[in-house]
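Residue numbers (this note's numbering): 2 to 78.
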Amino acid sequence: IHTTSNCQHFVSQVDTQVPTDSRLQIQPGDEVVQINEQVVVGWPRKNMVRELLQEPAGLSLVLKKIPIPETPPQGPI
C-alpha cells in the first residue's frame, strides 16, 4: 500500500498468494477507504497498517475503484 502526503492510501500491488477471486477484485491503484468499518482516509500510514494487522483473518475492506480503460486511448482522428 502506498500512502500519499495527504494520507490517502492506495493499493500498489497484489500479492500472488492472495486467492485468485480476491486478486481479480483488488487492483493496483484502488484507494483504501475503510478497514473493518473504520474510515482510514486521512489516517497516518502507521495507524492504517495497525488496523490492517489487527484481524488479518477477518479483514473487511472498502475500496474506491480506479477505472481502468479496457482499450488504450486513441489519438485524435
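Cβ coordinates follow ideal geometry from the N, Cα and C atoms, glycine included. Please read these numbers as outputs of a predicted model, since none were measured by experiment.
Status (buried if at least 16 other CB within 10 Å, exposed otherwise) for residue i
i, result
"H97", "A question about residue 97 goes unanswered here, because the residues of the chain that appear run from 2 up to 78."
"I67", "exposed"
"A58", "exposed"
Neighbourhood of residue i by C-beta distance below 7 Å, restricted to the same chain and skipping five residues each side
i, result
"Q39", "E52"
"L64", "I27, D31, E32, V33 and V34"
"S13", "I2, H3 and P29"
Limits of the beta strand (DSSP E) - the one that residue i falls within
i, result
"Q35", "E32 to I36"
"L62", "L62 to K65"
N-terminal and C-terminal residue of the alpha helix (DSSP H) that residue i is part of
i, result
"N144", "In the structure as shown, the chain starts at 2 and stops at 78, and residue 144 therefore has no counterpart that could be examined."
Cβ neighbours of residue i in the same chain (closer than 6 Å, five flanking residues each side left out)
i, result
"R46", "T4"
"M49", "H10 and V41"
"S61", "N37"
Own chain partners of residue i with C-beta closer than 8 Å, once the 5 adjacent residues on each side are dropped
i, result
"Q55", "N37"
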